[in-house]
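Visitor:
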DNA sequence: ATCGGCTCGCGCAA
DNA sequence: TGCGCGAAGCCGAT
C-alpha cells in the first residue's frame with residue numbers, strides 16, 4: 002500500500018524496536034480535523050500497526066500573554082475538532098496543566114503509548130516540546146509539517162536572505178506538494194480507548210486568561226466558518242485583490258489569518274480553492290505570493306534563526322546601522338503605555354493601534370507603518386522591538402505567529418529587505434511616512450472607519 | 001504624474 | 001568577478 006503522506010513532509014526523530022501499541026497525535030499548531038497531514042500520518046501509522054489512534058492537546062492555564070480573546074477563539078475551534086474526531090471514532094483529550102511537557106509525558110507513559118506524532122512549528126517553545134519528547138525512552142516520534150504547503154525543513158536548510166531566494170525553491174516544489182488530501186477513515190478499534198467527552202466548562206474554568214482583552218465578535222471561529230470565509234473570499238474578493246489589498250479603507254483582505262494561525266484552516270486548502278476558483282491572474286498571483294511564499298519565508302526565518310524576536314536576529318547590515326544611529330535624537334518618544342493606549346500625535350497610527358486593540362486584527366499595509374513608527378518613537382531599537390511584539394502578541398488574533406515575528410523584523414530590522422537611502426534613527430532600514438500613506442489611500446476615511454468601529 | 005537616485009548583498013552567469 | 005535585482009519607499013526634480 003503506498004503511503005498517503007509524502008515522507009519529505011515528515012521528520013523521523015526516533016524509532017523504536019518495540020511493537021507499536023498505541024498512537025497519539027499531539028495536536029498543537031494545526032487544530033483541525035480536515036486537511037491535516039499530521040492527523041493523516043498518525044492514522045496511517047495506527048492502521049499500519051493495527052493499533053488505536055487518539056488526539057491529545059495540552060493547554061497551559063497561564064500561557065504567557067494569552068487572554069480571553071485568544072482562548073475564546075481557540076476553544077470554540079477545539080469544540081468543533083472534538084465533534085469532528087468523534088464522528089471518526091477518534092478520541093480527543095485535552096490536558097490542562099501548568100507543565101505541559103511533564104503532563105504529556107505522564108499521559109503517554111501511563112497509557113502505554115509508544116508512537117507520537119507532533120505537528121511542526123518553528124517557534125522556540127515548540128522546539129523545546131519536540132526535544133523533550135525525543136528524550137523519552139523507547140518511543141517512536143515523528144514530526145509532520147501540516148502547516149506549510151512545501152515542508153519548511155525540506156524546502157531550505159538555511160536562513161533565506163529574502164523572498165527572491167526562497168521563491169524559486171518553493172515554486173519548483175509546489176507542483177509536487179500542492180495536492181488534494183486523502184480522506185480520513187472511520188476508526189474501528191477505538192473501543193479499546195473509549196470516547197470520553199471533554200468537559201469544556203472545566204477547561205474554561207481552569208484557564209487563567211486575562212479578561213481585559215475581550216473576544217471579538219466579527220469573525221466566527223472554527224473549521225466550518227473558516228471554509229465559509231474562504232469561499233466567500235474566492236467568490237467575492239479575489240477579483241481586484243492585487244489593486245485593492247493595500248487600501249485599508251476597502252474590505253479587500255481575506256481575513257483568513259486568524260484561522261491559519263490557529264490551524265483551523267489549512268493553507269494548502271486555501272491554495273487549492275484559489276487555484277480552482279480562478280484562472281491565473283495578477284489577483285491570484287498576488288494572493289498566493291502572500292499565502293505561500295511569504296508564509297514559508299516566515300517559518301524559514303523562525304526555524305533557522307532562533308533569535309527571531311530579538312535584535313540579534315536582524316539583518317547584519319541593519320544591525321551596524323542601528324549602532325550608528327543609536328544616539329540620534331528622537332522627535333517623539335512614547336512609553337509602551339502611551340502606545341498601548343493609542344496616545345500618540347499621529348491619528349493614523351492611533352487608528353491602526355485602535356483597530357488592532359478592539360478588533361484583534363490590523364490591516365496588512367498598516368502593520369508595516371505601525372511597526373516602523375514604534376522604532377521612530379522609542380528610546381532604543383530593543384525597546385521598540387519588544388513593544389511591537391508585545392502589542393501584536395497581546396491584541397492580534399494571529400499574534401505569537403512566525404508571520405508576526407518576521408513582519409516586525411522586516412519593519413524594524415531590515416530582515417528580508419534591502420538597504421535604502423540612510424536617514425536618522427532608521428539608518429538604511431526602509432522608512433515609511435505619513436505623507437506616503439496620504440498619497441496611497443484616504444487616511445481620513447480610514448480613521449473615521451476605525452472610530453465608528455466599521456473596519457473590516 | 002513619473003522618474004531617478006539612494007543602498008546592500010545574494011545568486012548566478014561567465 | 002561582475003551584474004541584476006529585490007514586499008509594499010522617500011524625496012526632489014521635471
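Numbering (the numbering used here), first residue to last: 2 to 457. Backbone N, C-alpha and C define an ideal beta-carbon position, used for all residues, glycine too. Since we're looking at a predicted model, the values are computed, not measured.
#1: To the nearest angstrom, how far is it from the Cα of residue 328 to the Cα of residue 312?
#2: So who's on the other strand from residue 211, going by DSSP bridges?
#3: Please report the straight-line C-alpha distance between residue 210 and residue 401, rounded to a whole angstrom.
#4: State yes or no: is the C-beta of residue 255 within less than 8 Å of the C-beta of residue 238?
#5: Closer than 8 Å is the cut-off here; do at least three beta carbon pairs connect the stretch 107-115 with the stretch 66-85?
#6: Put residue 432 into one of helix, strand or coil per three-state DSSP.
#7: Can you tell me the Cα-Cα spacing of residue 361 and residue 236, whole angstroms?
#8: Assign residue 33 to one of two classes, buried (16 or more other C-beta atoms within 10 Å of its C-beta) or exposed (fewer than that).
#9: Excluding five sequence neighbours on each side, which residues of the same chain lie with their C-beta closer than 7 Å to the C-beta of residue 261?
#10: How would you label residue 277, buried or exposed, when you count the other beta carbons within 10 angstroms and need 16 or more for buried?
#11: Taking the straight line between their C-alpha atoms, what separation do you get for residue 272 and residue 179?
#12: Under three-state DSSP, which class holds residue 381?
#13: Measure the C-alpha to C-alpha separation of residue 369 and residue 40 and round it to an integer number of angstroms.
#14: By Cβ distance, which residues of its chain are closer than 7 Å to residue 125, with the 5 residues on each side in sequence left out?
#15: Confirm, please, whether the CB-CB distance from residue 90 to residue 188 is below 8 Å.
#16: So which of 314, 394 and 451 has the shortest CA-CA distance to residue 383?
#17: How would you label residue 356, buried or exposed, when you count the other beta carbons within 10 angstroms and need 16 or more for buried?
#18: Residue 257: buried (16+ other C-beta within 10 angstroms of its C-beta) or exposed?
#19: Would you tell me roughly how many angstroms separate the C-alpha atoms of residue 66 and residue 60, rounded to the nearest one?
#20: Should residue 68 be labelled buried (16 or more other beta-carbon atoms within 10 Å of its own) or exposed?
#21: Give the list of continuous beta strand (DSSP E) stretches no shorter than 3 residues that lie fully inside the stretch 98-159.
#22: Would you call residue 424 buried or exposed, if buried means 16 or more other Cβ atoms sit within 10 Å of its Cβ?
#23: Which of the three DSSP states, helix, strand or coil, is assigned to residue 26?
#24: Using 8 Å as the threshold, is the C-beta distance between residue 418 and residue 374 below it?
#25: What is the DSSP secondary structure of residue 388, reduced to helix, strand or coil?
#26: Strictly by DSSP, which residues pair up with residue 58?
#27: Once DSSP output is grouped into helix, strand and coil, what is the label at residue 472?
#28: Could you give the distance in angstroms between the alpha-carbon of residue 318 and the alpha-carbon of residue 326?
#29: Does the stretch 290-300 touch the stretch 389-401, meaning 3 or more C-beta pairs lie closer than 8 Å?
#30: Have a look at 282, 364 and 379 and flag the residue whose alpha-carbon is nearest the alpha-carbon of residue 330.
#31: What's the C-alpha gap between residue 83 and residue 234?
#32: Could you check where the beta strand (DSSP E) with residue 12 kicks off and where it finishes?
#33: By the three-class DSSP mapping on this structure, what secondary structure does residue 219 have?
#34: For residue 245, which residues in the same chain have their Cβ closer than 6 Å to its Cβ, ignoring the five residues on either side in sequence?
#35: For residue 21, does the three-state DSSP call read helix, strand or coil?
#36: Is the stretch 139-159 touching the stretch 12-26, taking contact as three or more C-beta pairs under 8 Å?
Guide: In short:
#1: 16 Å
#2: 68
#3: 15 Å
#4: yes
#5: no
#6: coil
#7: 25 Å
#8: buried
#9: 268
#10: exposed
#11: 8 Å
#12: coil
#13: 35 Å
#14: 307
#15: yes
#16: 314
#17: buried
#18: buried
#19: 14 Å
#20: buried
#21: 116-120 and 141-145
#22: exposed
#23: strand
#24: no
#25: helix
#26: 95
#27: Outside the shown range of the chain (2 to 457) lies residue 472, about which nothing can therefore be said.
#28: 13 Å
#29: no
#30: 379
#31: 27 Å
#32: 11-15
#33: coil
#34: 251 and 253
#35: coil
#36: yes
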